[in-house]
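Using numbering that gives the first Met the number 0, the first residue of the sequence shown is number 0, and each one after it goes up by one. Glycine included, every Cβ here is placed at the ideal spot set by N, Cα and C. For clarity, every value in this text was computed on a predicted model and none was experimentally measured. Here is the structure we will look at.
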Amino acid sequence: MAREMPHATGKVPPGDVTQRVGIEVMEARGVNVEELREKLIDAIAAEFASTYYYYTILRMYLAGHEDYKEICEDARLEDRAHFELMTPRVYELGGSLPYNLHEFADRAGCPHAYLPGTDNGQHAPEMGDGKGPSAADILEVLLDSERCAIRTWSEICDLTAGGKDPRTYDLASRILNEEIEHEAWFIELLSMERDGVVRPSGHFRRGEPGEAPYSKNRPLYNP
Ligand code: ZN
Ligand code: FE
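Take a look at the structure:
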């Protein structure tokens with residue numbers, strides 16, 4: 000008598016390329032796959048547009064603070080790694096990046112990290128007479144951005160936890176690990192820079208800029 004193989008067949012017929020068992024098993028466990036996929040797109044849009052792009056500008060304006068520049072650069076490159084890590088998951092779930100970059104940037108789930116003194120990116124900052132954005136102003140923007148990212152990836156973890164979608168959960172929780180570190184870094188720097196108060200983050204330095212120890216999937220996705 001043939002041995003029983005309960006997983007040999009299922010709802011998706013053999014050879015059918017229009018359906019995904021990887022999605023079917025999530026639906027069977029109660030995941031609203033379309034809702035999750037759209038939230039993932041909003042979340043990776045925030046990584047790419049709200050932080051990676053704007054952190055590039057913020058880093059430039061930390062001129063004179065090599066230590067802050069380096070930490071801003073780590074956060075910047077790690078947010079790019081987060082975009083890279085999660086983007087393939089959108090396609091596995093049957094979705095796509097928007098075909099227009101403006102549309103993608105507009106649906107970011109977090110506010111853009113505009114350089115202070117630019118009226119939300121309307122113009123260059125005034126730089127005369129020692130004016131221009133201070134390091135403390137910039138660190139406040141960086142801190143608030145990290146906090147939005149923590150809330151975002153925590154929600155994705157909630158939607159996928161408990162065995163409902165182990166793959167998205169694993170990717171999102173790796174990202175969340177780094178976002179929590181980013182918040183701690185900017186609390187430490189802002190607290191000392193603005194208030195003169197020591198609030199250690201526990202951080203020393205990444206091995207290389209943008210090391211992304213949790214989210215970098217070296218051989219697979221990330222440059
Ligand atoms: Zn990130
Ligand atoms: Fe971050």
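Check: Compute the distance between the beta-carbons of Glu-125 and Glu-182, then report whether it is under 8 Å.; Outcome: no
Check: Quick one: does the C-beta of Ala-74 sit closer than 7 Å to a heavy atom of the ligand FE?; Outcome: yes
Check: Classify Tyr-168 as buried or exposed, calling it buried when 16 or more other Cβ atoms lie within 10 Å of its own Cβ.; Outcome: buried
Check: Identify, in the order they occur along the chain, each residue of the same chain with its Cβ nearer than 7 Å to the Cβ of Pro-199, setting aside the five sequence neighbours on each side.; Outcome: Glu-187
Check: Tell me which same chain residues have a C-beta within less than 8 Å of the C-beta of Leu-39, skipping the five on either side of it?; Outcome: Met-85, Arg-88, Val-89, Leu-92, Gly-94, Ile-155, Thr-167
Check: With respect to 7 Å, is the separation between the Cβ of Thr-8 and the closest non-hydrogen atom of the ligand FE below this value?; Outcome: no
Check: Measuring straight from C-alpha to C-alpha, what distance separates Tyr-67 and Pro-115?; Outcome: 16 Å
Check: Return the CA-CA distance between Ala-80 and Glu-65, expressed in angstroms with no decimal places.; Outcome: 22 Å
Check: For Ala-148 versus Glu-178, is the C-beta distance shorter than 8 Å?; Outcome: yes
Check: How is the alpha helix (DSSP H) around Asn-176 delimited, first residue to last?; Outcome: 165-189
Check: Leaving out five residues before and five after Val-196 in sequence, what residues of the same chain have Cβ atoms less than 6 Å from its Cβ?; Outcome: Ser-190
Check: The alpha helix (DSSP H) that contains Glu-72, what's its start and end?; Outcome: 65-91
Check: Please say whether Glu-192 and Ala-135 have beta carbons closer to each other than 8 Å?; Outcome: yes
Check: Looking only at its chain, what residues have a beta carbon closer than 6 Å to the beta carbon of Ala-44, apart from the 5 residues adjacent to it on each side?; Outcome: Phe-103, Arg-106, Ala-107
Check: Determine the direct distance from the alpha carbon of Leu-57 to that of Cys-223, and round the result to whole angstroms.; Outcome: Coverage of the chain is limited to positions 0 through 222, which leaves residue 223 absent and any answer about it impossible.
Check: Helix, strand or coil for Tyr-213, going by three-state DSSP, please let me know.; Outcome: coil
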